[in-house]
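Undergrad: Below is a structure I'd like to ask you about.
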Amino acid sequence: MITATSTEHLVYKTRNASLSQSDSTNSYILRFFNDELEFRACEFISFKRKIQQLDLPQLLSTEAPDVEVLYLPHCDRLMVLSIHEILELREVLAGAFTMLELNSVIHREIVRKV
Amino acid sequence: MKDILRRHHVLKEEIVELINKQIKMEAHSSSAYLAMAAWCDVRGYDNSAEFFFKQSDEERVHQLKFFHYLTDMECDAVSPGTDMPQHEFPTLRSVFEKALEMEIAVTDSIHNMVKVCREHGDIATEEFLRWFVQEQIEEEFVARRTLELFDVLGEDKIGLGLLEQQVLSVQYDGGNA
Ligand SMILES: [Fe+2]
């Protein structure tokens, strides 16, 4: 378990998920139910894209069980996600990216200007 | 809080997606030209075949230019699988017609990318695309001129023979003449 330190900033939180940024390791930490996943920036961006690209209507319409199996190459793990979990992941990621982009705007307009 | 995202997230996602689509389009062009080269080659149109082999190589170079741009910006570049291109054509003229059609589609696509860059204020990518805008002027010119040769020379055996002699020398002068 990666413990929260002063260099770790909570970026966005939903009911069962949270996304933090660690300034000491330059990484993002996703806590999802009892799971914890660490991402470097580029891994995090491609993770978000993967979650966005999941085809929910297709997941609902097929005979197969309504779960999606997602492979995370950066930590060699598999995630098995229900539709609810996918929706919550999308929510936390959308919120987190909005906040991170806002942070970029603050850096561009204020921090780097002084 | 550090701005880690900006260090790695240089391009907007929409732009990355567009460039990946373009990579696929260039890959498709490359493979389509290869099919055209094969059609010409087996029918004895050696110079036309060479023309299309060269075009195919150029499209591959375009594909790589876009690909490297994405990887240089630390964005995900997707190596495309391509659909089967058209292999059968009724006439030599129709091969060149298809080539011009493809180039026009690429031009439209590049222009659209420039517009999207402007919407997003992505000055760097717009600047990067400048080369492609120029390149398409040239590509379209050559494709159009070559097609015009069919009208000028006719499509009987003599005409096609003359076309074979001239097809490799069609060049864009950069608007200087
Ligand atoms: Fe091209």
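From first to last, the protein sequence lines are chains W and Y. Counting from 1, one number per residue, gives the positions in the first sequence under my numbering. Counting from 1, one number per residue, gives the positions in the second sequence under my numbering. We put the CB at the ideal spot given by N, CA and C, even for glycine. Bear in mind that the values here come from a model prediction, so they are computed numbers and not experimental data.
1) For residue 106 of chain W, count neighbouring Cβ atoms within 10 angstroms of its own Cβ and tell me buried if that reaches 16, exposed if not.
2) Residues bridged to residue 69 of chain W by DSSP?
3) Exposed or buried, which one is residue 58 of chain W when buried takes at least 16 other CB atoms within 10 Å?
4) Less than 7 Å separating the Cβ of residue 111 of chain Y from some heavy atom of ligand 1?
5) Find the residues of chain Y that neighbour residue 104 of chain W, judging by a C-beta separation of less than 9 Å, and give them in chain order.
6) Terminal residues of the continuous beta strand (DSSP E) containing residue 109 of chain Y?
7) Specify, as a first and last residue, the run of the beta strand (DSSP E) that residue 152 of chain Y falls within.
8) Drop a sphere of 10 angstroms on the beta-carbon of residue 86 of chain W, count the other beta-carbons inside from all chains shown, and report buried for 16 or more, exposed for fewer.
9) State buried or exposed for residue 87 of chain Y, treating a residue as buried only when at least 16 other CB atoms are found within 10 Å of its CB.
10) Looking only at its chain, what residues have a beta carbon closer than 8 Å to the beta carbon of residue 89 of chain Y, apart from the 5 residues adjacent to it on each side?
11) How long is the line joining the alpha carbons of residue 160 of chain Y and residue 151 of chain Y, rounded to whole angstroms?
12) To which residues of the same chain is residue 73 of chain Y closer than 7 Å at the C-beta, ignoring the five residues directly before and after it?
13) Taking 8 Å as the threshold (beta carbon to beta carbon), is residue 107 of chain W in contact with chain Y?
14) Span of the beta strand (DSSP E) holding residue 31 of chain Y?
15) Mind checking if residue 126 of chain Y is an interface residue toward chain W, Cβ cutoff 8 Å exclusive?
16) Would you list the one or two residues that DSSP bridges to residue 31 of chain W?
17) Go ahead and pull the three-state DSSP assignment for residue 114 of chain W.
18) Could you tell me the distance, in whole angstroms, from the CA atom of residue 6 of chain W to the CA atom of residue 17 of chain Y?
19) Does residue 76 of chain Y get closer than 8 Å to chain W when you measure Cβ to Cβ?
20) Considering only heavy atoms of ligand 1, does any lie closer than 7 Å to the CB of residue 29 of chain Y?
21) In the DSSP output, what is residue 8 of chain W paired with across the bridge?
22) Could you pull the start and end residues of the alpha helix (DSSP H) that residue 174 of chain Y belongs to?
23) Under 7 Å: does the beta carbon of residue 140 of chain Y sit that close to some heavy atom of ligand 1?
24) Any idea what DSSP makes of residue 50 of chain W, helix, strand or coil?
25) Verify the contact flag: residue 13 of chain Y, CB atom, against every heavy atom of ligand 1, threshold strictly below 7 Å.
26) Kindly confirm or deny that the region 43-60 of chain W and the region 74-90 of chain W touch, where touching means at least three C-beta pairs closer than 8 Å.
27) I'd like to know if residue 23 of chain W contacts chain Y, where contact means its C-beta is closer than 8 Å to some C-beta of that chain.
28) Only counting the same chain, and skipping five residues up and downstream in sequence, which positions put a Cβ closer than 8 Å to that of residue 93 of chain Y?
29) DSSP three-state label for residue 2 of chain Y, please.
TA: In this structure, then:
1) exposed
2) W:80
3) exposed
4) no
5) 3, 5, 6, 9
6) No beta strand (DSSP E) holds residue 109 of chain Y; the alpha helix (DSSP H) holding it covers 92-120.
7) Segment 123-153 is the alpha helix (DSSP H) holding residue 152 of chain Y; no beta strand (DSSP E) there.
8) Burial call: buried.
9) exposed
10) 36, 39, 95, 98
11) 11 Å
12) 10, 11
13) yes
14) No beta strand (DSSP E) contains residue 31 of chain Y, which is instead part of the alpha helix (DSSP H) from 13-42.
15) no
16) W:18, W:36
17) In the structure shown, residue 114 of chain W sits in coil (DSSP, three-state: anything other than H, G, I, E or B).
18) Computed Cα separation, rounded: 36 Å.
19) Output row for residue 76 of chain Y: interface = yes.
20) yes
21) Answer is W:22, bridged to residue 8 of chain W.
22) Taken as a continuous stretch (DSSP letters only), residue 174 of chain Y belongs to no alpha helix (DSSP H), as it is neither H nor E.
23) no
24) helix
25) Incorrect: residue 13 of chain Y has no Cβ contact closer than 7 Å to ligand 1.
26) yes
27) yes
28) Excluding positions up to five away in sequence, the list reads 147, 150, 155.
29) coil
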